[in-house]
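Peer 1: Our numbering applies: residue 91 is where the sequence shown begins, and numbers increase by one.
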Amino acid sequence: MPGTTSANAALPINGRENLNSDPTRNFRFLVEFQPYGDAHPMKKVNFGFTSVAGLSMAVESIPYREGGMNTTLHQIPGQASFSPITLTRGVHLGNNQAWRWMKRLFTAVGPTTASGYAGYQFRTSVTVHVLQHPVNMGNDTGVPANDTLAMTRNDPIAASFRAYNAWISSLAYSDLNAGDNAIMVEQMTLVHEGLDMYWEKDIGTRKSVGQSQFVL
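1) Who does residue 176 pair with in a DSSP beta bridge?
2) Assign residue 258 to one of two classes, buried (16 or more other C-beta atoms within 10 Å of its C-beta) or exposed (fewer than that).
3) Are residue 218 and residue 119 closer than 8 angstroms when you measure CB to CB?
4) Could you spell out the range, first to last residue, of the alpha helix (DSSP H) harbouring residue 86?
5) Between residue 111 and residue 148, is the Cβ-Cβ spacing less than 8 angstroms?
6) Buried or exposed for residue 282, please, with buried defined as at least 16 other CB atoms from any protein chain shown within 10 angstroms of its CB.
7) Check whether the segment 180-189 touches the segment 154-168, counting contact only when three or more Cβ pairs, one atom from each stretch, lie closer than 8 angstroms.
8) From the DSSP output, in three-state form, read off residue 187 for me.
9) So, helix, strand or coil for residue 287, using DSSP?
10) Thinking C-alpha only, which one of 138, 146 and 174 is nearest residue 260?
11) Should residue 164 be flagged as near chain B, meaning a C-beta pair shorter than 8 angstroms?
Rendered as structure tokens:
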């Protein structure tokens, strides 16, 4: 009507009026291992991986039919299952944590014997931190601009996934080919017993990788 203004007249049509409305990027993330014992091969450390897959869960349905309600098949929640998590990264010189972790699950390695692992803890919590994009943070990382790794660990997070009681069930290395122009890749698969997720509410919140949002 003439002479009136709408409160929403100034808002963009697509609702992208601020950085909080931007979808989270999927290419900035760190993986943090939080073992339950000090002697665990992975210790408490952050790793950069090429890809992370399998962050999902499902609840099975139990069909139930009863007399008097024959027109409807009831669906009752049953057991929950969590997909294995697959982590992929390049092979680094001297980095054998995944192999030592795998060796804890068996006592024989070919003709040799893997000794000294009896009774050691092989489970760990694994947290995948999805980091906020630099354009959302300005220049407020709190570390020198030339310290890239420290800057990444100090970045505010956008979301975090935590898998509980995880242990390595598969370890594979890429094929070797003299004709390839590629890097050697290590892929580990982890099974676990529970998945939790944390969402950040606002851009630029000062919770970083070093500040856990979960209670162990």
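Just so it is clear, CB atoms sit at the ideal spot from N, CA and C, and this is done for glycine as well.
Peer 2: With the given structure in hand:
1) 143 and 279
2) buried
3) yes
4) Beyond the ends of the chain as shown, which are 91 and 306, falls residue 86; an answer cannot be given.
5) no
6) buried
7) no
8) helix
9) strand
10) 174
11) This model lacks chain B altogether; it includes just one protein chain.
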